Amino acid sequence: MEIPYTVEVRRDTGLTNGKIGIWLFLASEVMLFGALFASYILIRTGAPTWPRGDTMLNVPLATVNTIVLISSSVTMVMAWASLMRRRFETYRIYMGLTILCGLAFLVIKYFEYSAHFHEGALPSTNNFLAIYFTLTGLHGLHVAGGMAVNAYFWGPGAKLYKTNPVWFTNRVEHAGLFWHFVDLVWIFLFPTLYLL
Amino acid sequence: MSDHAATSMTGDHAVDIDKHVRIYITVFVALMVLTVVTVTVSRFHLPVPMAVSVALLIAIIKGSLVACYFMHLISEKKLIYAVLALTAAFFVALMVLPVVTVHDGFWIH
Chain D
0 MEIPYTVEVR RDTGLTNGKI GIWLFLASEV MLFGALFASY ILIRTGAPTW PRGDTMLNVP
60 LATVNTIVLI SSSVTMVMAW ASLMRRRFET YRIYMGLTIL CGLAFLVIKY FEYSAHFHEG
120 ALPSTNNFLA IYFTLTGLHG LHVAGGMAVN AYFWGPGAKL YKTNPVWFTN RVEHAGLFWH
180 FVDLVWIFLF PTLYLL
Chain P
0 MSDHAATSMT GDHAVDIDKH VRIYITVFVA LMVLTVVTVT VSRFHLPVPM AVSVALLIAI
60 IKGSLVACYF MHLISEKKLI YAVLALTAAF FVALMVLPVV TVHDGFWIH
């Protein structure tokens, strides 16, 4: 049986099922990160003293990571635009770059984390580090998850393009919406944790 | 399926995508500039309320650019706006919650 409304839009919603599905999922993600941001505000405002992020964290590395993640959002949207233009090989290049940027982000994050652990700065050390590791750890898992989906659409999942290019383009658009969301979360995490 | 594939390859559509791509590049440059601004401002060591306001303002501008252009929210269907309006309302409630808690006895007085 064919999956309904992958390409044609439903009359009642005006959308494909995949599109409404990914947005409902992102709405739940907003609440997930929102709860942790609220926890951060509560812990910070309740603390007698709170360290400035740049006294404990590596701002230059995080700035590079911000640039890497923003760049990956651009390559992701360009991957989708390439499919809209029916240029599959260009899509492959942009999607490959997006995956590499995700990898670069996680490698830089790994260096940051290992430097903290080496200094004995652990989640159990203080509330600042606890919320820092929780928020960046959850975000890192999202980057890894997004990379897995993107790698699938770069590799085996790309077979769909030959039989149903519009459906494939839609799937890449939905993967892109998740990837941009992960970028958006970082845009708020970076100043909150590192600069304030 | 083939109808859709055909329509998305028409000339008008290609022009439309070219316009999109130009916007993506502009947004990319704006995001880079705002990243530099936010890091530079943090070096001035402004008083905390001021620093939080500036950093949040820049982050909101950057986030809006990503949501509006990369996530195409600038031209989306009504149902998605409805879902996001509901999400935004609950998100605001979540953010207000710790503020209310800090003002001890806010509801009693």
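Residue numbers (numbering that gives the first Met the number 0), protein chains in the order written: chain D, 0 to 195; chain P, 0 to 108. Idealized CB from N, CA, C, for every residue including glycine. All values reported here derive from a predicted model rather than from experimental measurement.
Please list, in chain order, the chain P residues whose beta carbon lies closer than 7 Å to that of residue i.
i, result
"residue 72 of chain D", "65, 69"
"residue 37 of chain D", "93, 94, 96, 97"
Would residue i be called buried (16 or more neighbouring beta carbons within 10 Å of its own) or exposed?
i, result
"residue 88 of chain D", "exposed"
"residue 182 of chain D", "buried"
"residue 68 of chain D", "buried"
"residue 1 of chain P", "Any reading at residue 1 of chain P must be qualified, since the residue scores a pLDDT of 40, below 50, and its modelled position is unreliable; the value itself is stated next. Its Cβ having fewer than 16 others within 10 Å, residue 1 of chain P is exposed."
"residue 179 of chain D", "buried"
"residue 1 of chain D", "exposed"
"residue 56 of chain P", "exposed"
"residue 167 of chain D", "buried"
"residue 35 of chain P", "exposed"
"residue 61 of chain P", "buried"
"residue 108 of chain P", "Any reading at residue 108 of chain P must be qualified, since the residue scores a pLDDT of 47, below 50, and its modelled position is unreliable; the value itself is stated next. So residue 108 of chain P ends up on the exposed side."
"residue 30 of chain D", "exposed"
"residue 118 of chain D", "exposed"
Can you look up residue i in the DSSP assignment and give me helix, strand or coil?
i, result
"residue 49 of chain D", "coil"
"residue 125 of chain D", "coil"
"residue 56 of chain D", "coil"
"residue 21 of chain P", "helix"
"residue 92 of chain P", "helix"
"residue 69 of chain D", "helix"
"residue 193 of chain D", "helix"
What number of angstroms, rounded off, separates the C-alpha of residue i from the C-alpha of residue j?
i, j, result
"residue 27 of chain D", "residue 45 of chain P", "35 Å"
"residue 6 of chain P", "residue 17 of chain P", "Reliability of the predicted coordinates at residue 6 of chain P is poor, the pLDDT of 41 falling under 50, and the value obtained from them is presented with this limitation in mind. Cα to Cα, residue 6 of chain P sits roughly 16 Å from residue 17 of chain P."
"residue 136 of chain D", "residue 47 of chain D", "25 Å"
"residue 72 of chain D", "residue 75 of chain P", "19 Å"
"residue 130 of chain D", "residue 67 of chain P", "29 Å"
"residue 33 of chain D", "residue 99 of chain P", "16 Å"
"residue 18 of chain D", "residue 82 of chain P", "12 Å"
"residue 193 of chain D", "residue 42 of chain D", "16 Å"
"residue 188 of chain D", "residue 132 of chain D", "11 Å"
"residue 102 of chain D", "residue 108 of chain D", "10 Å"
"residue 37 of chain P", "residue 7 of chain D", "43 Å"
"residue 115 of chain D", "residue 125 of chain D", "13 Å"
"residue 22 of chain D", "residue 79 of chain P", "7 Å"
"residue 104 of chain D", "residue 113 of chain D", "14 Å"
"residue 78 of chain D", "residue 91 of chain D", "7 Å"
"residue 49 of chain D", "residue 195 of chain D", "10 Å"
"residue 158 of chain D", "residue 128 of chain D", "44 Å"
"residue 134 of chain D", "residue 144 of chain D", "15 Å"
"residue 123 of chain D", "residue 40 of chain D", "19 Å"
"residue 25 of chain D", "residue 54 of chain D", "33 Å"
Measure from the C-beta of residue i to each C-beta in chain D and report whether the shortest distance is under 8 Å.
i, result
"residue 52 of chain P", "no"
"residue 14 of chain P", "no"
"residue 96 of chain P", "yes"
"residue 34 of chain P", "yes"
Please list the partners that residue i has in chain D, where partner means a Cβ-to-Cβ separation under 7 Å.
i, result
"residue 58 of chain P", "186, 187, 190"
"residue 43 of chain P", "Ordered by position in chain D, no residue passes the 7 Å Cβ test against residue 43 of chain P, which lies about 11 Å from the chain."
"residue 82 of chain P", "22, 23, 26"
"residue 100 of chain P", "41"
Quick one: list the residues of chain A neighbouring residue i, beta-carbon separation under 7 Å, in chain order.
i, result
"residue 39 of chain P", "Of the protein chains in the structure, D and P, none is chain A."
Under a CB-based cut-off of 8 Å, is residue i close to chain P?
i, result
"residue 89 of chain D", "no"
"residue 173 of chain D", "no"
"residue 129 of chain D", "no"
"residue 83 of chain D", "yes"
"residue 19 of chain D", "yes"
"residue 103 of chain D", "no"
"residue 58 of chain D", "yes"
"residue 2 of chain D", "no"
"residue 157 of chain D", "no"
"residue 153 of chain D", "no"
"residue 33 of chain D", "yes"
"residue 137 of chain D", "no"
"residue 66 of chain D", "yes"
"residue 107 of chain D", "no"
"residue 194 of chain D", "yes"
"residue 179 of chain D", "yes"
"residue 69 of chain D", "yes"
Report the neighbours of residue i on chain D: residues whose CB is nearer than 8 Å to its CB, in chain order.
i, result
"residue 48 of chain P", "Here the premise fails: no neighbours, minimum Cβ distance about 11 Å."
"residue 20 of chain P", "77, 80"
Report the neighbours of residue i on chain D: residues whose CB is nearer than 9 Å to its CB, in chain order.
i, result
"residue 73 of chain P", "Residues of chain D passing the Cβ test: none, with the nearest at roughly 13 Å."
Please compile the residues from chain P whose C-beta is within a distance smaller than 8 Å of the C-beta of residue i.
i, result
"residue 30 of chain D", "86, 89, 90, 93"
"residue 13 of chain D", "76, 77, 78"
"residue 62 of chain D", "34, 38"
What residues of chain P sit near residue i, judged by a beta carbon separation below 9 Å?
i, result
"residue 44 of chain D", "97, 98, 100, 101"
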